[in-house]
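Participant: The working numbering applies: residue 37 is where the sequence shown begins, and numbers increase by one. Got a structure here, written out as structure tokens. Questions coming.
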Amino acid sequence: MTGTQNNKPAAARIQSSLRRQRRILLIAVIVTAVLALALVLTNFLTSREPFYDPVDNAKYYVVKKDGTYVLTATDGTVLRQTESTNFVTASGTIVNVDRKTGECAIVATVLVEGDETTKFDSVTNSYDVLLYPILERAQIKSIEVVNKNGGFSIGKIISKDGVESFVLKNRPDLEVGNSIVFATLVNCTGYTQTLMRLDPDRALGYEEYGLDTETTYFVITDMDGKSHKVIVGDEVPSGTGYYARYEGRDAVYVLREFSGETEYNSTFERAIINGTPEDYVVAPSSSHNVSSTNYFDVTNFKLYTSENYAKPLVEFSYAGSIEKRRNTYYSNIPYVADGGLKGYSINSITVDDCLYALQQWSADHVVAVGDASRTEELDDWLRPYGLSSDTYAYRLSYILNLARTYNSTTGKDVISKENDQEYHEILISKKQDNGFYYAYNICYKWDPETSSYSKVAPGYNMVVALTPSQVQFVTWDLEEWIDSSIFGGHISYMTKMEINIKPGDSVFPTGLSKILYLDNSASLTQEPSQAGGIPTNNMVIRDNNAVLIDTNQFKSFYSTLIYTPLADYSSLSEAEQAAFRESGAAGAYMSIKMTYELIEYDASKKDYVSTGEVIVKEYCFYKSALYPREVYTTVNGVGDFYVVRSRIDKVINDLNRLYTGETIMPEDPF
Numbered sequence: 037m038t039g040t041q042n043n044k045p046a047a048a049r050i051q052s053s054l055r056r057q058r059r060i061l062l063i064a065v066i067v068t069a070v071l072a073l074a075l076v077l078t079n080f081l082t083s084r085e086p087f088y089d090p091v092d093n094a095k096y097y098v099v100k101k102d103g104t105y106v107l108t109a110t111d112g113t114v115l116r117q118t119e120s121t122n123f124v125t126a127s128g129t130i131v132n133v134d135r136k137t138g139e140c141a142i143v144a145t146v147l148v149e150g151d152e153t154t155k156f157d158s159v160t161n162s163y164d165v166l167l168y169p170i171l172e173r174a175q176i177k178s179i180e181v182v183n184k185n186g187g188f189s190i191g192k193i194i195s196k197d198g199v200e201s202f203v204l205k206n207r208p209d210l211e212v213g214n215s216i217v218f219a220t221l222v223n224c225t226g227y228t229q230t231l232m233r234l235d236p237d238r239a240l241g242y243e244e245y246g247l248d249t250e251t252t253y254f255v256i257t258d259m260d261g262k263s264h265k266v267i268v269g270d271e272v273p274s275g276t277g278y279y280a281r282y283e284g285r286d287a288v289y290v291l292r293e294f295s296g297e298t299e300y301n302s303t304f305e306r307a308i309i310n311g312t313p314e315d316y317v318v319a320p321s322s323s324h325n326v327s328s329t330n331y332f333d334v335t336n337f338k339l340y341t342s343e344n345y346a347k348p349l350v351e352f353s354y355a356g357s358i359e360k361r362r363n364t365y366y367s368n369i370p371y372v373a374d375g376g377l378k379g380y381s382i383n384s385i386t387v388d389d390c391l392y393a394l395q396q397w398s399a400d401h402v403v404a405v406g407d408a409s410r411t412e413e414l415d416d417w418l419r420p421y422g423l424s425s426d427t428y429a430y431r432l433s434y435i436l437n438l439a440r441t442y443n444s445t446t447g448k449d450v451i452s453k454e455n456d457q458e459y460h461e462i463l464i465s466k467k468q469d470n471g472f473y474y475a476y477n478i479c480y481k482w483d484p485e486t487s488s489y490s491k492v493a494p495g496y497n498m499v500v501a502l503t504p505s506q507v508q509f510v511t512w513d514l515e516e517w518i519d520s521s522i523f524g525g526h527i528s529y530m531t532k533m534e535i536n537i538k539p540g541d542s543v544f545p546t547g548l549s550k551i552l553y554l555d556n557s558a559s560l561t562q563e564p565s566q567a568g569g570i571p572t573n574n575m576v577i578r579d580n581n582a583v584l585i586d587t588n589q590f591k592s593f594y595s596t597l598i599y600t601p602l603a604d605y606s607s608l609s610e611a612e613q614a615a616f617r618e619s620g621a622a623g624a625y626m627s628i629k630m631t632y633e634l635i636e637y638d639a640s641k642k643d644y645v646s647t648g649e650v651i652v653k654e655y656c657f658y659k660s661a662l663y664p665r666e667v668y669t670t671v672n673g674v675g676d677f678y679v680v681r682s683r684i685d686k687v688i689n690d691l692n693r694l695y696t697g698e699t700i701m702p703e704d705p706f
């Protein structure tokens with residue numbers, strides 16, 4: 037009983053002690069919080085420095101936030117920053133704040149009529165003085181320039197995707213915001229740095245400064261619609277700037293000139309005083325979409341010269357993707373001749389050089405920007421540049437295939453006309469007195485409504501200046517475009533060879549008329565080799581008299597033909613050549629006609645099937661007493677060249693050996 041009574045006071049004492057400890061702890065926490073708050077307030081109050089705008093005496097604070105110093109309004113809002121991370125006050129004063137030390141320096145202020153300093157020196161004084169608040173690219177809606185050259189207007193457009201770009205007012209398809217001169221224009225009109233203020237009372241009048249007429253001026257408008265107009269007068273005697281007047285003010289100011297390449301790679305003079313739309317346009321290459329992966333893929337490429345506006349000098353097309361051409365007649369033929377040259381082999385090296393040059397086109401400068409809506413007057417507009425329909429020196433037309441996809445199931449290339457093709461017409465002038473060639477390029481996209489290439493693509497329709505090296509390929513003559521080896525075509529696909537020789541030849545005095553039939557069906561029992569060749573190991577050859585021809589001998593004879601090149605342009609007159617061409621095979625000393633019936637391997641059928649394409653090449657050779665060494669030669673009735681007489685004699689001798697059994701040696705000259 038006594039022990040129990042003694043325990044109660046002890047428990048009470050323990051509880052009382054715990055309550056006291058909790059009260060003490062709570063008081064300590066409160067005191068700590070109050071001290072911490074006081075410390076924060078003290079740090080806040082002691083870590084900010086006031087800054088007063090010299091223009092309107094408005095108060096701001098330099099405050100340390102997240103470890104760096106910034107400039108804020110009195111309510112703590114961080115001020116707007118320029119692209120160069122300087123801060124802009126409400127009056128437009130630009131302030132630089134050292135992020136590490138918090139030190140402030142005024143970069144520029146805006147002029148206040150009557151209060152500005154008489155002379156401002158951006159080198160010796162602490163800050164620049166501006167005609168109006170700075171406007172950077174993001175804040176600019178438009179810039180209009182009027183000068184002795186007419187001037188131009190540039191505006192900002194926003195795409196459906198929200199992408200902003202600057203374009204010419206009358207050519208919204210031409211982006212100009214990426215040009216070097218545009219960067220200078222933005223700086224000239226958006227950051228109007230003054231060097232001094234003169235004649236605030238117009239004591240000397242505006243004529244003294246070239247400001248009596250508004251011959252040259254610019255208007256810049258911000259995104260809120262507020263505009264600033266500045267009239268520009270004469271250049272100051274020192275060459276460091278231009279007299280200027282802000283519309284609505286009487287004073288005359290001096291706007292600073294740039295020092296060319298050391299600053300913006302351009303000048304106030306080029307951007308405004310003498311600026312033209314052409315200065316701001318970045319000249320396109322032959323195509324906005326041409327690249328190293330598609331420059332070679334052209335269809336119906338035609339080159340015309342002033343010698344014959346109606347008939348192209350050369351025509352060719354890309355034969356198809358490597359996958360499509362594999363194990364076919366075109367395996368080693370990337371380009372095929374079109375039009376009048378069909379039958380000739382196109383020189384693939386020359387063609388690649390030409391198309392690569394087009395891909396690499398980089399104009400020296402834009403000569404003139406066309407009005408996209410002025411199609412009817414186009415010929416008259418092009419005439420001063422030597423590019424009208426009756427004055428141009430060269431014309432190119434072709435379809436550029438931007439992409440093609442090989443369908444392994446059908447064995448065909450798939451090209452979307454609407455999405456994968458663009459049609460180009462390029463006019464090139466004669467070499468100008470300034471050493472350049474002028475070129476005009478217009479591009480069309482496929483229009484499904486008209487089923488034609490009639491939709492004008494954006495970004496073209498201008499005259500550009502090209503250096504001679506960039507257009508060298510248009511000066512090449514026909515001899516450089518075609519392969520001198522006129523005989524070609526894989527023997528695997530040949531089904532017939534017809535040979536006719538006129539009577540009177542020393543080897544065949546009574547003449548010769550033979551048809552050789554080639555049957556390769558027995559060889560087509562296996563897939564094409566990895567090397568890409570269709571086998572010919574079981575080929576059978578008979579002539580029109582059913583005489584069996586030795587296959588190896590015939591292959592050697594065919595090699596003799598392949599090794600027979602064109603020598604040079606014929607010495608015959610055009611009239612004499614035309615007479616021979618008119619006579620055809622009947623008037624030829626010798627004619628050889630080859631027929632190729634194309635087949636391809638169908639993996640699904642595990643057999644060779646016909647493609648339906650038949651290629652016929654007829655070679656005619658004409659002798660002339662005027663030039664006994666030359667044998668005038670045509671392919672499918674077209675030709676300007678000759679083969680040397682000794683090589684034709686070699687062909688006839690080997691044809692005789694084909695029947696006599698004497699070994700044919702294609703490399704042997706006789």
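Ideal placement from N, C-alpha and C gives every residue a C-beta, glycine not left out. In this text, all values refer to a predicted model and were calculated from it rather than measured experimentally.
#1: Do Val405 and Leu221 come within 9 Å of each other at the CB atom, strictly closer than that value?
#2: Is any heavy atom in the ligand ATP found nearer than 8 Å to the beta carbon of Ser557?
#3: Could you pull the start and end residues of the alpha helix (DSSP H) that Gln395 belongs to?
#4: Quick check on this structure: which residue in Ile170, Asn325 and Ser627 has the alpha carbon closest to the alpha carbon of Lys659?
#5: Count the other CB atoms within 10 Å of the CB of Gly112; is the residue buried (16 or more) or exposed (fewer)?
#6: Using only CA atoms, which one of Glu515, Tyr340, Glu413 and Tyr289 lies nearest to Thr276?
#7: Thinking C-beta only, is Leu597 closer than 9 Å to Val671?
#8: When the Cα atoms are used, what is the spatial distance from Lys538 to Pro545?
#9: Quick check on this structure: which residue in Val217, Tyr227 and His460 has the alpha carbon closest to the alpha carbon of Ile755?
#10: Taking the alpha-carbon positions, what's the Leu514 to Thr427 distance?
#11: Do the CB positions of Val402 and Ala319 come within less than 9 Å of each other?
#12: Please list the terminal residues of the continuous beta strand (DSSP E) segment that includes Trp482.
#13: When DSSP labels each residue in this structure, what does Tyr421 get in the three-state scheme?
#14: Between which two residues does the beta strand (DSSP E) containing Tyr678 stretch?
#15: For Thr129, I'd like the list of residues in its chain whose CB is within less than 8 Å of its CB, leaving aside the five on either flank, ordered along the chain.
#16: Bridge partners for Tyr97 per DSSP, in chain order?
#17: How is the beta strand (DSSP E) around Phe657 delimited, first residue to last?
#18: Report buried or exposed for Ala429, applying the criterion of at least 16 other Cβ atoms within 10 angstroms of its Cβ.
#19: With 16 as the cutoff for other CB atoms within 10 Å, does Ala379 come out buried or exposed?
#20: If you check the beta carbons only, do Leu418 and Tyr476 fall under 9 Å apart?
#21: Is it true that the CB of Tyr459 sits closer than 9 Å to the CB of Val450?
#22: Can you give the Cα-Cα distance for Tyr678 and Phe657, rounded to whole angstroms?
#23: Which residues in the same chain as Ile267 place their Cβ atom closer than 6 Å to its Cβ, once the five residues preceding and following it in sequence are excluded?
#24: Straight-line CA distance for Tyr434 to Glu461?
#25: List the endpoints of the continuous alpha helix (DSSP H) containing Glu461.
#26: For Ile142, write down the residues that DSSP places opposite it in a beta bridge.
#27: Nearest to Ile522 by alpha carbon, out of Asn336, Met630, Leu694 and Ser263?
#28: Would DSSP call Ile570 helix, strand or coil?
#29: With a 10 Å radius around its C-beta and 16 neighbouring C-beta atoms as the bar for buried, classify Gly311 as buried or exposed.
#30: Between Thr364 and the rest of its own chain, which residues show a CB-CB distance below 6 Å, the 5 nearest in sequence each way excluded?
#31: Ignore the nearest five residues each way along the sequence and tell me which others in Arg693's own chain have a CB closer than 8 Å to its CB.
#32: Since I believe Phe352 is in contact with Asp388 (beta carbons under 8 Å), could you give me their beta-carbon distance rounded to a whole number of angstroms?
#33: Pick helix, strand or coil for Leu552, following the three-state DSSP scheme.
#34: So what does DSSP say about Val91, is it helix, strand or coil?
#35: Quick one: is Thr298 buried, meaning 16 or more other Cβ sit within 10 Å of its Cβ, or exposed?
#36: For Asn161, which residues in the same chain have their Cβ closer than 6 Å to its Cβ, ignoring the five residues on either side in sequence?
Facilitator: Put simply:
#1: On the sequence shown, position 185 is the one that residue 221 refers to. On the sequence shown, position 369 is the one that residue 405 refers to. Their beta carbons are not under 9 Å apart, which means Leu221 does not touch Val405 by this criterion.
#2: Ligands displayed in this structure: none; no statement on the ligand ATP is therefore possible.
#3: Counted from its first residue, the sequence shown places residue 395 at position 359. Here the alpha helix (DSSP H) through Gln395 covers Ser384 to Gln395.
#4: As a first step, residue 659 is located in the sequence shown; it is residue number 623 there, counting from the start. Taking only the C-alpha atoms, the option nearest Lys659 is Ser627.
#5: Within the sequence shown, numbered from 1, the residue matching residue 112 stands at position 76. Under this definition Gly112 is an exposed residue.
#6: As a first step, residue 276 is located in the sequence shown; it is residue number 240 there, counting from the start. Ranking Glu515, Tyr340, Glu413 and Tyr289 by Cα distance to Thr276 puts Tyr289 first.
#7: As a position in the sequence shown, residue 671 is number 635, starting the count at 1. As a position in the sequence shown, residue 597 is number 561, starting the count at 1. Not in contact: Val671 and Leu597 (Cβ atoms no closer than 9 Å).
#8: Within the sequence shown, the letter at position 502 stands for residue 538. Within the sequence shown, the letter at position 509 stands for residue 545. Lys538 and Pro545: Cα-Cα distance of roughly 8 Å.
#9: The requested residue 755 does not occur in the structure, where the chain is confined to residues 37 to 706.
#10: For the purposes of this step, residue 514 is taken as the residue at position 478 of the sequence shown. For the purposes of this step, residue 427 is taken as the residue at position 391 of the sequence shown. Rounded to the nearest angstrom, the two C-alpha atoms are 22 Å apart.
#11: As a first step, residue 402 must be located in the sequence shown, where it is residue number 366. As a first step, residue 319 must be located in the sequence shown, where it is residue number 283. Yes; because the gap between Cβ atoms is below 9 Å, this pair is in contact.
#12: Mapped onto the sequence shown, residue 482 falls at position 446. Unbroken beta strand (DSSP E) run through Trp482: Tyr473 to Asp483.
#13: Translated into positions along the sequence shown, residue 421 becomes position 385. Tyr421 falls in the helix class under three-state DSSP.
#14: Walking along the sequence shown from the start, residue 678 turns up at place 642. Run containing Tyr678: Val674 to Val680, per the beta strand (DSSP E) assignment.
#15: Position 93 of the sequence shown, counted from the start, is the residue given in the question as residue 129. Once the five neighbours on either side are set aside, the close Cβ partners of Thr129 are Asp89, Pro90, Val91, Ile142, Ala144, Thr145 and Val146.
#16: In the sequence shown, residue 97 corresponds to position 61, counting from 1. BP columns for Tyr97 point to Pro86 and Thr108.
#17: For the purposes of this step, residue 657 is taken as residue 621 along the sequence shown, with counting starting at 1. Here the beta strand (DSSP E) through Phe657 covers Asp643 to Lys659.
#18: Here residue 429 is taken as the residue at index 393 of the sequence shown, counted from 1. That one is buried.
#19: Taking the first residue of the sequence shown as 1, we reach residue 379 at position 343. The sequence given here has Gly at residue 379, not Ala. Gly379 is buried by the Cβ-count criterion.
#20: The count along the sequence shown starts at 1 and reaches residue 418 at position 382. The count along the sequence shown starts at 1 and reaches residue 476 at position 440. Yes, these two residues count as a Cβ contact at 9 Å.
#21: Stepping through the sequence shown from its first residue, residue 450 is reached at position 414. Stepping through the sequence shown from its first residue, residue 459 is reached at position 423. No, Cβ-Cβ distance for Val450 and Tyr459 is not below 9 Å.
#22: Within the sequence shown, residue 678 is the residue found at index 642, counting from 1. Within the sequence shown, residue 657 is the residue found at index 621, counting from 1. Cα to Cα, Tyr678 sits roughly 8 Å from Phe657.
#23: For the purposes of this step, residue 267 is taken as residue 231 along the sequence shown, with counting starting at 1. Contacts found: Leu247, Glu250, Tyr253 and Arg281.
#24: In the sequence shown, residue 434 corresponds to position 398, counting from 1. In the sequence shown, residue 461 corresponds to position 425, counting from 1. Cα-Cα distance, rounded: 7 Å.
#25: Against the sequence shown, residue 461 aligns to sequence position 425. Run containing Glu461: none in the alpha helix (DSSP H); it sits in the beta strand (DSSP E), Gln457 to Lys467.
#26: Reading the sequence shown from its first residue, position 106 is the one you call residue 142. Bridge partners of Ile142: Val131.
#27: Taking the first residue of the sequence shown as position 1, residue 522 is located at position 486. Checked all of Asn336, Met630, Leu694 and Ser263; the closest Cα to Ile522 is Met630.
#28: As a working mapping, residue 570 is identified with position 534 in the sequence shown. Here Ile570 sits in coil by DSSP.
#29: To locate residue 311, count along the sequence shown from 1; it is residue 275. Buried, because 16 or more other Cβ atoms sit within 10 Å of the Cβ of Gly311.
#30: Taking the first residue of the sequence shown as 1, we reach residue 364 at position 328. Correct list, in chain order: Glu636.
#31: Here the question's residue 693 lines up with position 657 in the sequence shown. So the list reads Gln589, Phe593, Thr699 and Ile700, once near-sequence residues are dropped.
#32: Your numbering for residue 388 matches position 352 in the sequence shown. Your numbering for residue 352 matches position 316 in the sequence shown. Not a contact, Cβ separation roughly 11 Å.
#33: Locating residue 552 in the sequence shown gives position 516, where the first residue counts as 1. Strand at Leu552.
#34: Locating residue 91 in the sequence shown gives position 55, counting from the first residue. Reduced to three states, the DSSP call for Val91 is coil.
#35: Reading the sequence shown from its first residue, position 262 is the one you call residue 298. Reliability of the predicted coordinates at Thr298 is poor, the pLDDT of 46 falling under 50, and the value obtained from them is presented with this limitation in mind. Exposed: under 16 other Cβ atoms inside 10 Å.
#36: Residue 161 sits at position 125 when you count from the first residue of the sequence shown. Bear in mind that a pLDDT of 45 at Asn161, under 50, signals an unreliable position, so the model cannot answer this.
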